[in-house]
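> Below is the structure I would like to discuss, written out as structure tokens.
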Amino acid sequence: MTELSVLTAQAFAPGGALARAATLSKQNYQARAGQQSMAEAVANAIARRSSVVVEAGTGVGKTFAYLVPAVLSGSRVVVSTATKNLQDQLFARDLPAVTEALGIPVRTALLKGRSSYLCLHRMDMALHGPSSSERLLGKALALVSSWSKTTLTGDLAEMTGLDERSPVLPLVTSTRENCLGSECPKAKECHVNLARKEALSADIVVVNHHLFFADMAVRESGVAQILPTAEVVIFDEAHQINEIGVGFLAKQLSSPQLLDFARDLLAVGLQHARGLVEWSTVAQAVEYATKDLRLAVGKQNYASRLGWPDAAPDGVDVHVWERGLNGLSDALVQADRALAVVAEVNPEFTRLAERAIELGSLVQAFIHKASSDTVRWLEVGAQIKLVESPLDIADVVRQQWFPDSRSSSSDASVALRSWIFTSATLGSDEKLSWFLDGCGLKDLSPVQLQVLRVSSPFNYEAQSALYVPSNFPKPSEPEHTGRVADIALEAARGLMGRTLVLTTTLRALRQIGDALTEALSGTEISVLVQGQQSKRELIERFRAKDQASVLVASSSFWEGVDIAGDALQCVIIDKLPFPPPNDPLVDARSKRMEAQGRSSFNDYSVPEAAISLKQGTGRLIRSEGDVGVLVVCDPRLVQMGYGRRLIASLPTMPILRTADAWQQWLALLRGTHA
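The opening residue of the sequence shown carries number 227 in our numbering; numbering runs sequentially from there.
So, in structure tokens, the structure goes:
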């Protein structure tokens, strides 16, 4: 054992620093063997400047298991979380609790992306621009302006009454493209700059995965300045880093980007150089070209991804598409020429010219053929997004995080850094192959990387059960979704709400939500459906003790939802969450596996489904006192051979085979309400 692991073990021991702090705050502290095992592994990795991957089941207490050795080490640490909400929780609650319990003074800082901070300059522009005259936007701008006079950090998460989907946010925040940098008249007061300065002087900096990978892509978020001096990097909810990383390493061009540029071009031009250029004509050319490109796609399924293996996306006329891209390129060239005329008038024109060139370069990249090691697609909705992406982050991780120490070009500071990866779900096998393969870690030696699985301390066999309804239609059959709604209705009535329905598609979300709303109309049970309100508001309503609710949700609700106690006693999953085979990225990954002589279904689709299924299951039992039932409305789980692999990846719980057993569990759960 290293000295750090000894100190860590002492902190977690009965009567240790954590137990004493819990006693003082009148909380109950329990030493957990799994938490101590994880903490020791993290401590050894930090002390030896090696790395560790830990799958820590729900309830292990992984946050303290990595924070305690990190604080005790005295190292400079970057902690990255999956979402801004988790980031806030870690910074405001968990980190102060650990440092106070250990009695170690540590300078901490919270760093988010630009879109999280108020931009004083853009707020001033909006207050004096046409948006201020629109009733709803003007009211929201006035609220932001009032709050801006009291905030110290400019973090918009502090502001109450501002919805995360508010259209005012793009008007009062900056992006990398429209930030004026040192030329900004508000540079000295800039909340982004102040946050970065604070982070540079901190011992422990809390960021999020989006910010971390944005910096890998553009080296601009502030992490690039912090990382060279960081001795430890910790990824919590590490199962997300491959998909998030791929998103930021991709080339992306969206119609909102282009329309924002056109809007800023018009606003800045009229404000600082009215009469020198026909700004309306130049801005409209970009706007119309963007809309023409959208029209070239025609009518497509909403929120769909179109494969783009050749000159144009699938189903799109090649000539119309190429004409649209060339028209957009011409409009951006015209904008750049117009900006060159007024370049010396105001620094905002210089930044706009840079944006015009960047956007034009992206258009040209999409005019030409994609590189062989990437996949290209078009996302279609109300807007469009052109994407060219690597298949995973493996190459980048190997090259930048774990360079070959024998190479003269390797970065010694990176080679001597500890990387800590942890999540409740990192794989469906003992080797955690799903995570290690996608992140390029599978070839590291045991000296470089330890892999550890720590089981949940919860007694799933006593606290939960798995029900797979018999004689149930297959997901491909038209009556399947209606039968899922029937099961959800049965659970909601039997438990007076307390039911979370997780769907794999938005179509099922709408159908089940509509069916439950109609069936429960006029009853005491409210039906909450994703999209009606923000995720935070829906969860708060679902938790409310004075309201019986059933929540129907998809996508982001499969993880990051923590509802302990009897507010949630039944989780229903409509079907096994296999990756959609028609998704271009999924298709490209599958073809790569087949080319390697591997089975894309067994080695990719099944592990992906196992991870998602584990995440959804993790919503059910959140504490030692929770009881509940998981319902998977997909007979393939018990009928197909791969179903055994999926069940084996879940916590061990009894399987209910009959409707009578299901009813008995509902009765058992009803008895806990008192």
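Just so it is clear, CB atoms sit at the ideal spot from N, CA and C, and this is done for glycine as well.
1) Buried or exposed: K414, going by 16 or more other Cβ atoms within 10 Å of its Cβ?
2) Pull up the distance between the alpha-carbon of K338 and that of N434, whole angstroms please.
3) Are the beta-carbon atoms belonging to D562 and A582 less than 8 Å from one another?
4) I need the straight-line Cα distance from F238 to D792, nearest angstrom please.
5) Please name the residue in P805, L715, S681 whose C-alpha comes closest to that of G844.
6) Since I believe L344 is in contact with L382 (beta carbons under 8 Å), could you give me their beta-carbon distance rounded to a whole number of angstroms?
7) Report the rounded CA-to-CA distance for L230 versus E766, giving the unit in angstroms.
8) Decide if the region 452-467 is in contact with the region 355-372; the criterion is three or more beta carbon pairs, one per stretch, under 8 Å apart.
9) What did DSSP end up calling R275 once you bin it into helix, strand or coil?
10) Taking 7 Å as the cut-off, does the CB of L658 come closer than this to any heavy atom belonging to the ligand GDP?
11) Taking 6 Å as the limit between beta carbons, can you name the residues of its chain near A734, skipping five residues before and five after?
12) Let me make sure I understand the geometry here. Which of M264, I470, R333 has the alpha-carbon closest to that of K423?
13) Quick one: which unbroken alpha helix (DSSP H) runs of 4-plus residues sit fully inside the region 489-554? Chain order, please.
14) Tell me the residue span of the alpha helix (DSSP H) that contains R896.
15) Could you tell me if A901 is buried or exposed, where buried requires 16 or more neighbouring beta carbons within 10 angstroms of its beta carbon?
16) Going by DSSP, what residues sit across from R602 in a beta bridge?
17) What is the rounded straight-line gap between the Cα of A566 and the Cα of A579?
18) When you compare each of L496, A499, R489 to Q510 by their alpha carbons, which one comes out closest?
19) Indicate whether the contact test is met: 3 or more Cβ pairs, each with one atom in the region 290-307 and one in the region 391-408, closer than 8 Å.
20) Three-state secondary structure (DSSP) at K801?
21) For a quick check, are the C-beta atoms of V710 and I751 less than 8 Å apart?
22) In whole angstroms, what separates the C-alpha of S634 from that of K668?
23) Using 8 Å as the threshold, is the C-beta distance between L532 and L479 below it?
24) Give the straight-line distance between the Cα atoms of L876 and V727, rounded to the nearest whole angstrom.
25) Near I593, which residues of its chain fall below 8 Å by C-beta distance, leaving aside the five closest residues on each side in sequence?
26) Go ahead and label P240 buried or exposed: buried means 16 or more other beta carbons lie within 10 angstroms of its beta carbon, across all protein chains shown.
27) Based on the DSSP output, what are the partners of G854 in its beta bridges?
28) Please classify N828 as buried or exposed, where buried requires at least 16 other C-beta atoms within 10 Å of its C-beta.
29) Measuring only the C-alpha atoms, how far is Y269 from P672?
30) Just how far apart, CA to CA, sit H498 and C665?
31) Have a look at E360 and Q313 and give me their C-alpha separation to the nearest angstrom.
32) In chain order, what residues of the same chain have a beta carbon less than 6 Å from the beta carbon of G285, not counting five sequence neighbours either side?
So, from the data block:
1) exposed
2) 7 Å
3) yes
4) 29 Å
5) S681
6) 6 Å
7) 40 Å
8) no
9) coil
10) For the ligand GDP, the structure offers nothing, since it holds no ligand at all.
11) T707, D800
12) R333
13) 505-523
14) 885-896
15) Given that the chain is displayed from residue 227 to residue 900, the structure contains no residue 901 and the question cannot be resolved.
16) E614
17) 7 Å
18) R489
19) no
20) coil
21) no
22) With a pLDDT of 40 at S634, under the threshold of 50, the modelled position of that residue is not reliable, and the figure given next carries that caveat. If I take the Cα positions, the gap works out to 23 Å.
23) no
24) 18 Å
25) E548, L551, N552, S555
26) exposed
27) S690
28) exposed
29) The residue asked about is misnamed: residue 269 is Ala in this sequence, not Tyr. If you take the alpha carbons of A269 and P672, they lie about 16 Å apart.
30) 48 Å
31) 34 Å
32) S682, P683, F684
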